[in-house]
Each structure stands twice: as structure tokens, then as C-alpha cells.
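Per this note's numbering, the sequence shown starts with residue -1, numbered consecutively. Ideal Cβ positions, reconstructed from N, Cα and C, are used throughout, including at glycine. Note that the structure is predicted; figures quoted are calculated from it, not measured.
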Amino acid sequence: MNNTKFQNQIEMMTQTSNDLMNKEIKDYLHPDHTNKEQALVLVSEINDQLLERTLKMLQSKQFFDLSKHLQCLQQQIATDQMIQLKEIHARFDHLKEQAMHDLTGDALNDELSKLQAQRILECQLVNESVTRLIPEKESALRQKQEQNFFKERKELITQQNGVKRAQIVAIMQKFPQEKAIQEVGNKMIKRIDNTTDEEIADLEKEKEEKVEKAKLRIIAENEDELQVMQDNLNQAMDREEQLMNDQLETRKHEIMKIKKQNLDDRLRMATGEMSQEQVAALKEQYEKEFENLDSAIRSEKQQQMNKMRAAMLQRRIEKERKRKLAEQDKEEARRREAVHRMNAGMAKVFREYIIKK
-1 MNNTKFQNQI EMMTQTSNDL MNKEIKDYLH PDHTNKEQAL VLVSEINDQL LERTLKMLQS
59 KQFFDLSKHL QCLQQQIATD QMIQLKEIHA RFDHLKEQAM HDLTGDALND ELSKLQAQRI
119 LECQLVNESV TRLIPEKESA LRQKQEQNFF KERKELITQQ NGVKRAQIVA IMQKFPQEKA
179 IQEVGNKMIK RIDNTTDEEI ADLEKEKEEK VEKAKLRIIA ENEDELQVMQ DNLNQAMDRE
239 EQLMNDQLET RKHEIMKIKK QNLDDRLRMA TGEMSQEQVA ALKEQYEKEF ENLDSAIRSE
299 KQQQMNKMRA AMLQRRIEKE RKRKLAEQDK EEARRREAVH RMNAGMAKVF REYIIKK
């Protein structure tokens, strides 16, 4: 499903949903209707249903996009592999022609055997290199796509909730004297704002988990090993989180103590100068500051934990990558040496044969 087709389907669904909503709320918006606030409930429910359907469509589109990009990547890797193998065969075919031109008899047979052994080894090394490269390239692709998918879902949720909010505000403005509509509408608007932030936070968490899993696939041999790596990472992060909780709790306690002292000082200095309403407003202001402080500390903690987890994961990947690379280099050197010894042995046997002749 391409983007144009997807957008057209979304627009059609939105238009159908709006037509249904306008039809459903028409009677409730009549000046004489006694339950006008029910129109707000219908607006909220119909928009929520629309968002649920569009998210499912977007999920299907994203699955299709990922499958398409993975298929293109595999085709590109296969093409690159074929080109490298053709270059190897062309190089050894040229060496073979030179040998057939310059040598004859047993010397020719000996040289052709050497070239064939080297050709087979070079092809094997290319195939193994491609096999090792596939997880890295697929991981990079999955990470990129997850970032794009998160952006698309975030934009869709923000847009749809924004439309729902605007429709509720429009009804509230149409009946500014209706107390029930104003109360219900304000509660809905507050819930929409909070829900949007929560949904985006959940999306962010889901994206980070999928990106992390894609990174681990670079070094994990199978799903069981992948799960073990994730479990080990979680255990390490649990220990770090406990240490951070203690530090942030101490910091929070110190700041709260200072703020409460400031509040007490202001109230003491303002004794007799402030009305009860002003004192209540001042206390409410500080309560909001306390809540904001708690929220800011939680946010800071989450950001630090995310950075710490990403750094820990990257160190693990680099360590495992270096270990495997060292093993691969060692194995490649061993196999090249084995081919060299085999060719040297064949040459020795040939020389001994010539001397006897």
C-alpha cells in the first residue's frame, strides 16, 4: 500500500466518520434539548473509533513497507554477492588462461590445482562475509524503519486527537451558557491532552524496545540467545536504576525541603496582609510546583536511564563484534595457510617426481 493510497483511504474514512458524527449529534445540539453534553460524548466515542481503525490500517501499511524494504535489501545483497563471485571467477579464469599458455604437462596440472583451491577458498570467504553482513544491514534497516513508523504513528495520534479536541471546543463555544457542556467539555479536553502525552510516551517506549531488539540481532545467533542478552541487560539496568533512584530521591527531598521552607517564609511574612483566598492560591501554586518538580525528576530519570541503557547496549555490541571479528580473521588466516601448505606440498611432490625422472 503506497502513501497516496493510504492517505486517500484515511480521508474517506474520516469523511464517513464525520458524516456519521454530525448525524448522531444533530438532535442533541438543538437549542431545546436538555442533554446537550451527550453530543460531546458521541464526538469523543466516534473519534476514538476512527483513531483505532486508522492505527490498524497504518500498522498494516508499515508491515508491508518493512517487508518490501527487507526484500529489496536481500535482492541488493544477493546482487552484490553475485558481482563479487563473478569478479573472483573472472580473475581466476584469467590466471588459468595464463597458466595454460605458459605451462604444460604435470606443471600445468599442479598450477591448475592450486588455482582451483584458491578459487574455492575465495568464493567461500565471500559467501561467509555476506552471511555475516546480512544481520548488520537488516538491523540498520529495521532501526531506520522503526524511527519512521514511530513518527508516522505519533503524527496520526496527535492529528486525530487534535481534531477531536477542536470539535469539542467548537460545541462548547456554541453553548457558552450551558454549565453541563462547559464542565464535561473541560474534563474531556484535559483527558485528551493527558491521553495524547501518554500514548506518545507508550509509542516511544515501544519504539526503543524494537530498536534495541534490532541492534541485538547483530550479535545474537538465534532467538534464545537474543532473549538471554535482553534478560542480562534488564538485570544490569535494574541494578543501575536502584542506584539512580536513591540519588534522585535524595535530590528531590533536598529541593522539596527548600521549596516548603520558602512557602512557610512567605506565609509567615504575609500574615495579616493576605486574604484567605490569596493564601489558598499561594498554596495551590506551590502544590503545582511540587507536582511539576516530581514530574521533571521522573522525566530526567527516564532520560538518563535510556542513555545509560543505550550506552551499555552499544558497548556490548562492540565487544561482541570485536570478538567475532577476531575469530573470523583467525579462521580466515588458518584456512589460507592450509591452502598454502597444500599447494606447497603438491609442489614438493612434483619436484621430487621431476628429480626421479
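Closest to Arg264 by C-alpha separation, out of Arg249, Gln283 and Glu196, would be which residue? The option with the nearest alpha carbon to Arg264 is Gln283.
Rounded to the nearest angstrom, how far is the Cβ of Arg49 from that of Ile155, given a contact under 8 Å? Sequence check: residue 49 is Leu here, not Arg. Rounded, the Cβ-Cβ distance is 7 Å, consistent with contact.
Host alpha helix (DSSP H) of Asp195 (start-end): Lys177 to Leu214 is the extent of the alpha helix (DSSP H) around Asp195.
Counting pairs of beta carbons, one from the segment 160 to 174 and one from the segment 220 to 231, are three or more of them closer than 8 Å? no
Whole angstroms is fine: what's the gap from Lys84's alpha carbon to Val128's? 14 Å
Going by beta-carbon coordinates alone, are Ala93 and Arg151 separated by less than 7 Å? It should be noted that the sequence gives Leu, not Ala, for residue 93. Between Leu93 and Arg151, the gap from beta carbon to beta carbon reaches 7 Å or more.
Taking its Cβ as the centre, do 16 or more other Cβ atoms sit within 10 Å of Ala331, making it buried, or is it exposed? exposed
Where does Leu131 land, buried or exposed, given buried means 16+ other C-beta within 10 angstroms? exposed
Helix, strand or coil for Asp25? Go by DSSP, reduced to three states. coil
For Lys208, the nearest candidate out of Ala336, Phe148, Glu223 and Gln240 (CA to CA): Phe148
Take the Cβ of Glu35 as the centre, count every other Cβ of all protein chains shown within 10 Å, and call the residue buried at 16 or more, exposed below. With 16 or more Cβ atoms within 10 Å of its Cβ, Glu35 is classed as buried.
So what's Phe147 in DSSP terms, helix, strand or just coil? helix
State the CB to CB distance for the pair His67 and Leu119, rounded to an integer number of angstroms; the pair is presumed to be in contact (CB under 8 Å). 34 Å between Cβ atoms; not a contact.
Give the DSSP-derived three-state secondary structure of Ala76 in the structure shown. It is helical.
Cβ-Cβ separation, Ile81 to Lys135 (assumed contact under 8 Å), whole Å: Wrong, their Cβ atoms sit about 16 Å apart, outside the cutoff.
Simplified DSSP state of Lys34, which is helix, strand or coil: In this structure, Lys34 counts as coil in the three-state DSSP scheme.
Quick check: the segment 297 to 310 against the segment 231 to 243, are there 3 or more CB pairs under 8 Å? yes
Are the beta-carbon atoms of Leu38 and Val182 separated by less than 7 Å? yes
Straight-line CA distance for Ala88 to Glu95? 11 Å
Pick out whichever of Ser293, Leu311, Asp108 and Val41 has its Cα sitting closest to the Cα of Ala234. Leu311
Let me know the secondary structure DSSP gives Met272 once reduced to three states. coil
Can you give, in chain order, each stretch of the beta strand (DSSP E) that sits fully within the segment 103 to 133 and has at least 3 residues? Counting only runs of 3 or more residues that sit fully inside the segment 103 to 133, no beta strand (DSSP E) segment turns up.
In three-state DSSP terms, what is Ile315? In the three-state reduction of the DSSP assignment, Ile315 falls in the helix class.
Where Met267 falls, given that 16 or more other Cβ within 10 Å makes a residue buried: exposed
Three-state secondary structure (DSSP) at Phe173? coil
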